[in-house]
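If you count the sequence shown from 1, you need to add 1 to reach our numbering. I have placed the structure first, in the form of structure tokens, so that the comments after it can refer back to it.
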Amino acid sequence: MLSFWAIGMWLMTMNTTMFNVALPFVILDFQLTSSVATWIVSGYSIVFAISALTFSRLSDYVPIKRLISIGLIILGFSSLLGFFATNFTTLLIARLLQAIGASTLPCLAIVLSSKYIPISRRGNAMAIIAAAAALGFGMGPLVGGFFYRILGWNYLFLAPFVVLFILPVLRRNLPEESIQRVQFDGLGAILVGVAVVSTLLVITSGIFVAIVIAIPAFFLLWKHVHKTAIPFIQPELLHNRQFLTLTVFPFTSFFMNFATMFSIPILLFELFDQNPLQIGLIMFPGALLAAILTQSSGKFIDRKGPLVVMLLGLLLLSFATILFALFASFSAYVSLSLLVFMIAGSNILMASANNEISRVLPQTLIGAGMGVSQLVQFIGGAFGVGVTGLILSLQQHVEAAQTFRNLYLLLLIWLIVATVVFFVYRKTKRE
2 MLSFWAIGMW LMTMNTTMFN VALPFVILDF QLTSSVATWI VSGYSIVFAI SALTFSRLSD
62 YVPIKRLISI GLIILGFSSL LGFFATNFTT LLIARLLQAI GASTLPCLAI VLSSKYIPIS
122 RRGNAMAIIA AAAALGFGMG PLVGGFFYRI LGWNYLFLAP FVVLFILPVL RRNLPEESIQ
182 RVQFDGLGAI LVGVAVVSTL LVITSGIFVA IVIAIPAFFL LWKHVHKTAI PFIQPELLHN
242 RQFLTLTVFP FTSFFMNFAT MFSIPILLFE LFDQNPLQIG LIMFPGALLA AILTQSSGKF
302 IDRKGPLVVM LLGLLLLSFA TILFALFASF SAYVSLSLLV FMIAGSNILM ASANNEISRV
362 LPQTLIGAGM GVSQLVQFIG GAFGVGVTGL ILSLQQHVEA AQTFRNLYLL LLIWLIVATV
422 VFFVYRKTKR E
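If you want it as structure tokens, here you go:
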């Protein structure tokens with residue numbers, strides 16, 4: 002059963018990164034700036050994040066079979082819409098709708114692992130899921146490059162249809178669950194979306210007037226979840242210091258992953274004149290090796306505990322970021338080798354952080370907590386892409402190699418902050 006979930010996870014994460022290799026050419030086709038083009042990825046990530054939390058919350062009351070069916074129907078419709086898109090607006094709407102459907106399998110895989118797999122085997126299960134995600138992230142550029150080179154970017158929307166073939170298998174093997182009639186907190190979901198999008202606009206697009214929306218949205222969200230019977234985000238999670246601290250690491254994992262997967266195709270195009278298929282071929286081996294390393298980390302998590310592996314993930318990310326800053330402009334194949342460490346570090350950090358979260362939360366909050374973790378990690382991805390696009394846009398008149406060197410040095414600052422947070426968390430837990 003877990004193998005089919007891993008296949009679904011692989012296909013959905015592949016869909017997330019397929020567009021990355023085509024972005025430099027979509028920018029040219031529609032005459033977009035880098036900061037505008039980032040919304041193809043950032044918007045996808047935000048909608049994915051909110052949808053993931055929504056499906057995670059609904060899984061406490063609605064059978065997972067039904068949720069998966071709904072999600073994949075939306076995915077199929079949006080894929081057709083994107084295939085027939087002829088302008089940037091339609092393309093963007095189709096990608097946002099795709100994010101809703103694509104969010105079902107990844108978020109529900111984490112919920113199932115947390116609820117139904119014993120803690121002694123949970124680390125290995127989550128590592129398998131993370132490895133499938135790593136493979137999907139890596140194959141996305143390869144498949145995307147092939148489809149774009151042969152057929153054009155419209156055909157990238159058809160690839161997610163493959164996941165519909167495993168839907169009957171998933172439905173047949175899922176546990177039977179009863180429906181509980183509850184009122185879903187739609188207002189809470191809207192407030193989360195408004196708060197996140199307006200904050201992203203302030204940070205990545207320089208639209209500072211959006212802060213007038215962001216601050217009240219966060220305030221209203223805080224008040225709302227404390228007075229609603231079944232809130233979108235459980236208030237107990239907001240008062241759990243261990244949980245709040247741990248969310249830094251899923252955020253960091255996808256912040257670095259998405260920043261890298263967004264910037265590398267642009268780097269390979271601008272510095273080495275690589276086409277989409279060549280970009281995919283360069284990025285795939287690194288992702289494949291990273292997937293193998295990530296999967297093997299699961300048993301290590303079960304033996305040594307997640308904290309040791311979390312530190313290893315942070316160190317790998319820092320090591321890769323420093324080397325990217327120093328050597329990425331030397332050769333296209335430098336990126337190939339360094340992607341192994343970057344993607345492996347990101348996914349090892351994600352798997353170990355999710356494992357630690359499942360250990361510190363009570364059983365009644367695991368579903369909600371994993372949903373919030375998914376929300377935070379994809380918000381991290383959105384911010385990673387948005388910040389990267391902003392940094393690149395601000396350096397349009399700087400020599401290309403120096404631009405990317407500056408980018409990775411700035412990304413390193415966040416990794417230093419995350420590492421400090423890790424040591425504070427570990428010290429607090431020991432005490």
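Positions of the beta carbon are idealized from the N, C-alpha and C atoms, including for glycine. Remember, it's a predicted structure, so these values are computed and weren't measured experimentally.
Outcome for residue i when other beta-carbon atoms lying within 10 angstroms are tallied against a minimum of 16
| i | result |
| --- | --- |
| Tyr-334 | exposed |
| Asn-88 | exposed |
| Ala-329 | buried |
| Ile-75 | buried |
| Thr-365 | exposed |
| Val-63 | buried |
| Ser-359 | buried |
| Gln-403 | exposed |
| Val-386 | buried |
| Gly-187 | exposed |
| Arg-173 | exposed |
| Pro-1 | In this structure the chain extends from 2 to 432, so residue 1 is not present and cannot be described. |
| Leu-98 | buried |
| Ser-114 | buried |
| Lys-56 | For clarity, residue 56 is Phe in the given sequence; the question names Lys instead. Buried. |
| Glu-400 | exposed |
| Arg-431 | exposed |
| Leu-152 | exposed |
| Leu-290 | buried |
Beta-carbon contacts of residue i that lie in its chain and below 7 Å, excluding the five residues immediately before and after
| i | result |
| --- | --- |
| Phe-147 | Leu-278, Gly-281 |
| Ala-215 | Ala-196, Ser-199, Thr-200, Val-203 |
| Leu-165 | Leu-73, Gly-77 |
Sequence-distant residues of the same chain with beta carbon closer than 6 Å to residue i, five excluded per side
| i | result |
| --- | --- |
| Ala-369 | Gln-235 |
| Arg-58 | Gly-372 |
| Lys-300 | Asn-125 |
| Phe-259 | Gly-382, Gly-385, Val-386 |
| Pro-161 | Asn-16, Leu-76, Ser-80 |
Contact set for residue i: own chain, Cβ-Cβ below 8 Å, skip 5 residues either direction
| i | result |
| --- | --- |
| Arg-122 | Asp-303 |
| Thr-253 | Leu-315, Leu-318, Leu-350, Gly-381, Trp-415, Leu-416, Ala-419 |
| Gly-189 | Leu-222, His-225, Val-226, Thr-229, Pro-232, Phe-233, Ile-234 |
| Leu-239 | Trp-223, Val-226, Leu-245 |
| Val-361 | Asn-241, Gln-243, Phe-244, Leu-247 |
| Val-193 | Ile-51, Leu-54, Leu-222, Phe-233, Ile-234, Leu-376 |
Coarse secondary structure for residue i, derived from DSSP in three states
| i | result |
| --- | --- |
| Phe-85 | coil |
| Ala-38 | helix |
| Ile-47 | helix |
| Asp-30 | helix |
| Pro-236 | helix |
| Ile-208 | coil |
| Pro-25 | helix |
| Pro-119 | coil |
| Ile-231 | coil |
First and last residue of the uninterrupted alpha helix (DSSP H) at residue i
| i | result |
| --- | --- |
| Val-213 | 212-228 |
| Phe-244 | 242-247 |
Within-9 Å CB hit, residue i to chain C
| i | result |
| --- | --- |
| Pro-107 | The structure shown has no chain C; it contains just one protein chain. |
- Task: Let me know the alpha helix (DSSP H) ranges lying completely inside the segment 328-403, each 4 residues or longer, listed in chain order.
- Result: Annotation note: the segment 328-403 contains the following uninterrupted alpha helix (DSSP H) runs of length 4 or greater, listed N- to C-terminal: 333-361, 367-395.
- Query: At which residue ranges does the segment 131-194 contain complete alpha helix (DSSP H) runs of 4 or more residues, listed in the order of the chain?
  - Reply: You should have 168-174.
- Unbroken stretches of the alpha helix (DSSP H), 4 residues or longer, contained in the segment 259-323: Counting only runs of 4 or more, we get 277-305.
- Item | Sequence ranges, beta strand (DSSP E) only - wholly within the segment 59-108, length at least 3 | The segment 59-108 contains no whole beta strand (DSSP E) run of 3 or more residues.
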